[in-house]
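Enquirer: Residue numbers (my numbering): -8 to 137. We put the CB at the ideal spot given by N, CA and C, even for glycine.
#1: If we require 3 or more residues per run, which beta strand (DSSP E) segments fall completely within the region 10 to 52?
#2: How far does the beta strand (DSSP E) with residue -6 in it reach, from first residue to last?
#3: For the 8 angstroms Cβ check, are there 3 or more pairs between the region -3 to 14 and the region 22 to 33?
#4: Among the residues of its own chain, which have a CB less than 8 angstroms from the CB of residue 58, if the five just before and after it don't count?
#5: Ordered along the chain, which non-local residues of its own chain (more than five positions away) have a Cβ less than 8 angstroms from that of residue 62?
#6: Using only the alpha-carbon positions, how far apart do residue 42 and residue 90 sit?
#7: Can you tell me which of 127, 119, 76 puts its alpha carbon nearest to the alpha carbon of residue -6?
#8: Does DSSP put residue 68 in a helix, in a strand, or in coil?
#9: Quick one, are the C-beta atoms of residue 79 and residue 117 less than 8 angstroms apart?
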């Protein structure tokens, strides 16, 4: 059975990757695991924003279960790269889905070099396939009257 892992933390987003994984799992009958990685310095410090993320994630998971997708949620504390690699090895993940930054300089301020660094470190240390999902751009369409 295919095992899909979506990993999320405050810097790496993941909502588009989660949507993509749920859709794929529904089509091929795969199991989805969602791994939220909390940095040690964040645990207990940013409870409000973490509660909002947790609530949003729980709603999305319940919706996926209602669609018949097998999905589980895990939380780890530590470094993002190390926790993702550990989970991939332990869970026998066959596909890791990560979300790329938007690439237009907006957003959370991560540079493409930083993204390339963590992504390359993960790719070189896991034996599963890795899919990088680009987030959808918010496009405001305006009607022009003329």
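Expert: If we stick to the structure as given:
#1: 22 to 29
#2: -6 to -1
#3: yes
#4: 13, 17
#5: 13, 16, 22, 23, 24, 25, 52, 55, 56
#6: 21 angstroms
#7: 119
#8: strand
#9: yes
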